[in-house]
Structure formats: structure tokens, C-alpha cells
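Enquirer: Residue numbers for the sequence shown, in my numbering: 678 to 871.
What follows is a single structure, and I will ask about it in a moment.
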Amino acid sequence: MQTEGNGSQRTARVTALKGFGVGVLVAGLVALMAVAALRESAKSKPQEVATSTDVEAAERPAVTAEEEAYARALWPIHAQVKQNAVKMTFAGLAYKLGDIKRGVVKERVAPLTLVFDAALAQAKKLEPPASMQALHQEYMDAILLYRDSSVTMILVAADGRDEHLIQAQKKSTKAAGLTLKVGEMLWPGEYKPN
């Protein structure tokens with residue numbers, strides 16, 4: 678009989694613990710709902726919509742047919758210049774990381790000098806509209822900087838001095854800034870590498 682008493686006491690304790698657990702769960706849910714209600718009520722008034730006309734002022738004017746034709750003609754040149762600038766950068770990085778020797782830098786970069794020369798010649802043949810003359814000149818300057826950068830980088834093959842790479846990088850960085858500026862004007866939203 679003593680076991681019956683122990684069994685009923687155990688059942689009573691389990692029932693009490695279950696009741697306590699359910700009570701704690703309900704209290705927790707009520708507390709959670711109270712916190713959520715407080716957060717919702719703490720969210721203040723709806724934000725005011727900006728009524729500034731700055732957005733209208735920032736809109737770009739529509740391009741003319743001549744500007745569109747120029748942008749279309751420059752695009753293949755631009756694509757080639759960007760691709761070869763990346764190749765040149767990777768050659769310098771591969772050398773600095775010890776993946777390639779000095780002679781390989783020359784093998785990889787020397788042909789790019791000719792490609793930049795060809796891009797410069799193609800760009801000179803373009804006839805930009807008057808509204809894009811300055812932009813065209815900046816792009817020509819960028820191509821010339823990339824070309825000069827390649828010539829400077831090749832010098833590392835002769836003497837292994839890092840100063841050549843540093844000077845080449847300075848020129849490439851300036852050229853990249855110019856090509857990004859021109860690219861944003863002619864092809865807004867164009868993918869820009871990091």
C-alpha cells in the first residue's frame with residue numbers, strides 16, 4: 678500500500694509540474710505579446726515623404742542621337758581597354774605574389790602595349806559630338822596612361838625593381854578613375870569592378 682501512496686503522490690507532483698510549466702508558458706507568451714504591442718505602439722508616426730525637387734534636378738538630360746552613336750562606337754574600345762587593364766594588373770600581382778618570373782611579366786604585358794596603341798588609334802578616329810569633346814579627351818588620356826603604365830611595368834623584367842610596378846600602378850589608378858568617370862557618363866549603371 679505504501680507504493681500506492683507513493684504512486685499517487687508522484688502523479689500529483691507530475692500534474693503539478695505540468696500545470697506549473699503550462700502556467701510559465703502562458704505567462705511567457707503574454708509577456709512576449711506585451712513586448713510586441715509596446716514595440717508596435719512605440720513606432721511613431723509615418724515618415725514624411727520628401728518633397729524636394731532635388732531628384733528632378735539630378736535627372737540626366739536625354740542624350741542626343743549623336744551622343745548615343747558616339748557611346749555605341751566607343752563601347753567596343755572601352756570593353757577592350759578594360760579587359761587589358763585587368764590583364765596588366767593581374768600580371769603585376771602574379772609577379773609580386775611570386776607566381777611568375779620577371780621575364781613572364783614582359784611576355785604578358787608587352788603585347789598589351791600594342792593593344793593600347795591600337796585602342797588609342799581607334800578612339801582617335803571617332804568624332805565625338807561637341808558636347809562630348811572634353812569627355813573624349815579624358816578617355817584618350819586614360820588609354821595613354823594605360824599604355825604608359827604597360828611600358829613602365831615591362832621595365833621590371835630588365836632590373837627587377839619594384840619602383841617600376843609602383844609607377845605603373847599610379848598611372849593605372851589614374852587611368853581607371855578616368856575610365857570610370859567616362860563610363861558613368863556614357864553608360865550609367867555599368868558594372869564597376871571593386
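Just so it is clear, CB atoms sit at the ideal spot from N, CA and C, and this is done for glycine as well.
Return the residue from the list Leu702, Ala845, Leu821 that minimises the CA-CA distance to Leu832.
Expert: When only C-alpha atoms are compared, the closest one is Ala845.
Enquirer: Which of helix, strand or coil does DSSP assign to Gly775?
Expert: Correct three-state label for Gly775: coil.
Enquirer: Quick one: give me the first and last residue of the alpha helix (DSSP H) that Met830 is part of.
Expert: Where Met830 is concerned, the enclosing alpha helix (DSSP H) stretches over 810–831.
Enquirer: Does the beta-carbon distance from Val859 to Glu815 come in below 8 Å?
Expert: Closer than 8 Å, so yes.
Enquirer: Buried or exposed: which applies to Leu812, given that a residue is buried once 16 or more other Cβ atoms fall within 10 Å of its Cβ?
Expert: Buried is the call here.
Enquirer: Check whether the stretch 845–856 touches the stretch 789–808, counting contact only when three or more Cβ pairs, one atom from each stretch, lie closer than 8 Å.
Expert: Short answer: they don't touch.
Enquirer: Just to confirm before moving on: does the CB-CB distance between Ala762 and Ala852 stay below 8 Å?
Expert: Yes. Within cutoff.
Enquirer: Closer than 8 Å is the cut-off here; do at least three beta carbon pairs connect the stretch 751–758 with the stretch 767–775?
Expert: Not touching, per the Cβ criterion.
Enquirer: May I ask which residues mark the beginning and end of the alpha helix (DSSP H) holding Val859?
Expert: Unbroken alpha helix (DSSP H) run through Val859: 839–863.
Enquirer: DSSP state of Ala734, grouped into three classes?
Expert: Low local confidence applies: a pLDDT of 49 at Ala734 is under 50, so the model's placement there is unreliable, and no value is given.
Enquirer: Here's a check: name, in chain order, each residue in its chain whose Cβ is nearer than 8 Å to the Cβ of Met830, leaving out the five neighbours to either side.
Expert: Cβ within range, chain order: Met765, Ala768, Gly769, Val782, Val786, His841, Leu842, Ala845.
Enquirer: Considering only the beta carbon of each residue, do Glu744 and Met809 sit closer than 8 Å?
Expert: Yes, the Cβ-Cβ distance between Glu744 and Met809 is below 8 Å.
Enquirer: Pick from Ile820, Arg838, Asn683: whose alpha carbon is nearest that of Gln760?
Expert: Nearest of Ile820, Arg838, Asn683 to Gln760, Cα basis: Ile820.
Enquirer: Closest to Ala807 by CA distance: which of Gly696, Gly684, Tyr747 is it?
Expert: Checking every option, the nearest Cα to that of Ala807 belongs to Tyr747.
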